[in-house]
Structure formats: C-alpha cells, structure tokens
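Colleague: Taking this note's numbering, the leading residue of the sequence shown gets 1, the next gets one more, and so forth.
Below are the structure tokens for one structure; questions will follow.
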Amino acid sequence: MNNNDSFHPFPASGIRHIGIIPDGGRRWAAANNRTLLSSYAETSKKMAEFLILLAHTGITEVSIFLSSRENFRRPENETDAFNSAAMNAIQNTIPQMAMRHKIKVSVAGDTSQLNAGFIEEINKLENSTRNFDLIKLNLLISYNPVDEIKHAINQSDSENFTKNLWVKTPLDLVIRTGGANLLSNFLPLQAGYARLYFSNKLFNDFTLTDLMEYIEDYTSLTRKYGN
1 MNNNDSFHPF
11 PASGIRHIGI
21 IPDGGRRWAA
31 ANNRTLLSSY
41 AETSKKMAEF
51 LILLAHTGIT
61 EVSIFLSSRE
71 NFRRPENETD
81 AFNSAAMNAI
91 QNTIPQMAMR
101 HKIKVSVAGD
111 TSQLNAGFIE
121 EINKLENSTR
131 NFDLIKLNLL
141 ISYNPVDEIK
151 HAINQSDSEN
161 FTKNLWVKTP
171 LDLVIRTGGA
181 NLLSNFLPLQ
191 AGYARLYFSN
201 KLFNDFTLTD
211 LMEYIEDYTS
221 LTRKYGN
C-alpha cells in the first residue's frame with residue numbers, strides 16, 4: 001500500500017458511509033412465534049425502509065452484513081431460510097427500491113457458496129443498477145475479510161491495494177443490533193476509525209427513530225482520527 005494512502009474518513013465530510021449489522025433474526029422469530037423465513041422477510045422490509053430514509057439524507061453509501069462465510073455452516077434449515085429470503089429480496093424488494101430511488105447495488109463476499117440461480121440474480125441486479133448514483137448499497141453475503149484482502153492483493157500492485165477491496169470506502173458509523181458488542185469480522189479495514197453503536201434491540205424491533213438518534217449523536221461528535 002502506498003505510504004501516503006490514508007484509509008480513513010475525511011474529518012470535515014460528515015457521515016458518508018454507514019454500516020449495519022442486523023443481528024437477532026433467529027431470536028426474534030422464536031420470541032414472536034414466527035418462522036425463520038418470516039423473520040428474515042421482515043428484516044428485508046425493514047432494511048428497505050432504512051435505506052430509503054438514508055438515501056435522502058446526504059449519506060452516499062450503506063453496507064449491510066447479510067451473512068458471513070461462517071454462517072453457511074449453520075444447520076440446513078437455517079441456511080435454506082436465509083437463501084429463500086435473500087433470493088426474494090434480490091429478485092423483488094431490492095430491484096424495485098433501487099429503480100425507484102436510483103440506488104446502486106453491489107454484492108461483496110465469496111459468492112461461490114451460492115447456487116447458480118442466486119449468482120445469476122446478483123449479476124442482474126448489479127448490472128441493472130450500475131449507473132445509479134444517489135446512494136450505493138453494499139450487500140455483504142458470505143463475507144470474510146480474509147477473502148476480501150486476498151482478492152485485493154491478487155488484483156493489486158503496491159500502490160492501489162485499497163482500490164481493489166470489495167468495499168472501497170471507509171466507514172463513518174457502524175450500528176449493530178441484538179446486544180452483541182463486537183463486529184464479527186464486519187469490514188475491519190473499513191471500520192478502523194468508525195464510530196460504533198450497539199443496540200440491545202433485535203433488528204426487527206429497531207426503528208427509524210432509533211436509527212436517526214444514532215445518526216444525530218454521531219453528528220454531535222468531534223473525531224480526531226488519531227491526531
């Protein structure tokens with residue numbers, strides 16, 4: 001990496017890039033006597049609501065952690081529920097929202113673990129939204145940072161490593177629901193200077209008001225970036 005490459009947000013830029021770790025889908029399903037597929041579908045709807053709001057606040061990029069590579073080691077009924085909900089979102093919810101609000105969609109992760117039909121739908125979604133520029137949505141599916149770093153190294157010379165990461169811009173703010181105070185391998189390079197917020201609410205109980213309270217708190221801070 002170029003020694004002059006400073007991979008963190010510019011102090012005067014405000015919030016440009018938000019990360020969301022929507023944890024708690026299985027617990028929400030159990031607490032509300034709902035199927036896991038129904039819970040994941042509810043999560044997709046809530047994500048769409050949040051993204052539409054963020055798209056019109058001046059934020060330019062949102063990264064959402066849908067699944068890690070390790071999540072695919074869960075029991076088959078759980079991975080099947082995730083795949084079904086994610087496929088429906090990729091085919092219906094996200095394209096409709098992206099077309100209406102001019103959202104560019106990119107998928108980051110090791111898609112080799114996905115079936116051919118899923119990969120085809122991802123490619124269609126990325127191609128159909130590639131020229132939109134109101135806001136960029138990064139969907140992390142089967143994501144692991146080691147895979148991202150290996151990819152960047154294989155595509156790079158020493159001068160442009162960060163430009164070949166799957167997610168190329170640093171995070172300003174990361175929100176995780178579900179009560180766990182850790183990132184769980186969510187974009188560790190990009191989150192190096194991010195402000196971290198952890199909510200005890202399960203994601204499907206997290207509201208637009210909760211989201212805006214975190215954003216308003218962030219905007220009141222002075223960030224020094226190691227200076």
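Cβ atoms here follow ideal geometry from the backbone N, Cα and C, with glycine treated the same way.
(1) Helix, strand or coil for Gly117? Go by DSSP, reduced to three states.
(2) In the DSSP assignment, find the unbroken alpha helix (DSSP H) run with His101 in it and report its ends.
(3) Between the alpha carbons of Pro115 and Arg176, how many angstroms are there, rounded?
(4) Look at the Cβ atom of Ile122, then the Cβ atom of Ile90, and state whether they are nearer than 8 Å.
(5) In terms of alpha-carbon separation, which member of Asn181, Ile103, Asn204 lies closest to Asn127?
(6) By the three-class DSSP mapping on this structure, what secondary structure does Ser112 have?
(7) Where does Asp210 sit, in a helix, a strand or coil, going by DSSP?
(8) I think Ser67 touches Ile141, with their Cβ atoms under 8 Å apart; what is that distance to the nearest whole Å?
(9) Using 10 angstroms around the beta-carbon of Met99, count the other beta-carbons present and answer buried if the total reaches 16, otherwise exposed.
(10) According to DSSP, is Lys104 helix, strand or coil?
(11) Report the residue from Ala81, Ser112, Leu54 whose alpha carbon sits nearest the alpha carbon of Met97.
(12) Can you tell me which of Ile94, Tyr214, Val174, Gly179 puts its alpha carbon nearest to the alpha carbon of Thr129?
(13) Across which residues does DSSP place Lys136 in a beta bridge pair?
(14) Which residue or residues does DSSP assign as beta-bridge partners of Arg176?
(15) Spatial neighbours of Ala152 within its chain, please: CB distance less than 6 Å, with the 5 preceding and 5 following residues excluded, ordered by chain position.
(16) Excluding the 5 residues flanking Asn24 on each side, which residues of the same chain have their C-beta closer than 6 Å to its C-beta?
(17) What whole-angstrom Cβ distance do Tyr143 and Phe65 have, given they're in contact under 8 Å?
Modeller: In short, the structure shows the following:
(1) For the purposes of this step, residue 117 is taken as residue 117 along the sequence shown, with counting starting at 1. Looking at Gly117 - three-state DSSP - the assignment turns out to be helix.
(2) By 1-based counting over the sequence shown, the position of residue 101 is 101. For His101, the uninterrupted alpha helix (DSSP H) run begins and ends at 94 to 101, by DSSP.
(3) In the sequence shown, counting from the first residue as 1, residue 115 sits at position 115. In the sequence shown, counting from the first residue as 1, residue 176 sits at position 176. Reading off the sequence shown, one finds Asn at residue 115, where the question assumed Pro. So the two alpha carbons sit approximately 28 Å from each other.
(4) By 1-based counting over the sequence shown, the position of residue 122 is 122. By 1-based counting over the sequence shown, the position of residue 90 is 90. Against a cut-off of 8 Å, the Cβ pair of Ile90 and Ile122 comes out as a contact.
(5) Working through the sequence shown from its first residue, we reach residue 127 at position 127. Distance check between Asn127 and each of Asn181, Ile103, Asn204 places Ile103 closest, using alpha-carbon atoms only.
(6) The sequence position of residue 112 within the sequence shown is 112, counting from 1. It is helical.
(7) By one-based count along the sequence shown, residue 210 stands at place 210. Note: Asp210 maps to helix in three-state DSSP.
(8) For this step, residue 67 is matched to residue 67 along the sequence shown. For this step, residue 141 is matched to residue 141 along the sequence shown. Yes, Ser67 and Ile141 are in contact; Cβ-Cβ is about 5 Å, under 8 Å.
(9) One-based indexing of the sequence shown puts residue 99 at position 99. The residue is exposed, with fewer than 16 neighbouring Cβ atoms inside 10 Å.
(10) The residue given as residue 104 occupies position 104 in the sequence shown. Residue state, collapsed to three classes: strand.
(11) In the sequence shown, residue 97 corresponds to position 97, counting from 1. Leu54 is the residue among Ala81, Ser112, Leu54 whose C-alpha sits nearest the C-alpha of Met97.
(12) Along the sequence shown, read from residue 1 onward, the residue named residue 129 stands at position 129. Closest by alpha carbon: Ile94.
(13) The residue labelled residue 136 in the question sits at position 136 within the sequence shown. Lys136 is bridged by DSSP to Glu61, Lys104.
(14) The count along the sequence shown starts at 1 and reaches residue 176 at position 176. Bridge partners of Arg176 according to DSSP: Ile21, Phe198.
(15) Translated into positions along the sequence shown, residue 152 becomes position 152. In the same chain as Ala152, and ignoring 5 residues on each side of it, the C-beta atoms closer than 6 Å to its own belong to Phe161, Asn164, Leu165, in chain order.
(16) Start at 1 with the first residue of the sequence shown, and residue 24 comes out as number 24. The amino acid occupying residue 24 in the given sequence is Gly; Asn does not appear at that position. Within the same chain, Gly24 has close Cβ partners Thr177, Gly178, Leu202, Phe203.
(17) Numbered from 1 along the sequence shown, position 143 holds the residue referred to as residue 143. Numbered from 1 along the sequence shown, position 65 holds the residue referred to as residue 65. For Tyr143 against Phe65, the beta-carbon gap comes to about 7 Å, under 8 Å, which counts as contact.
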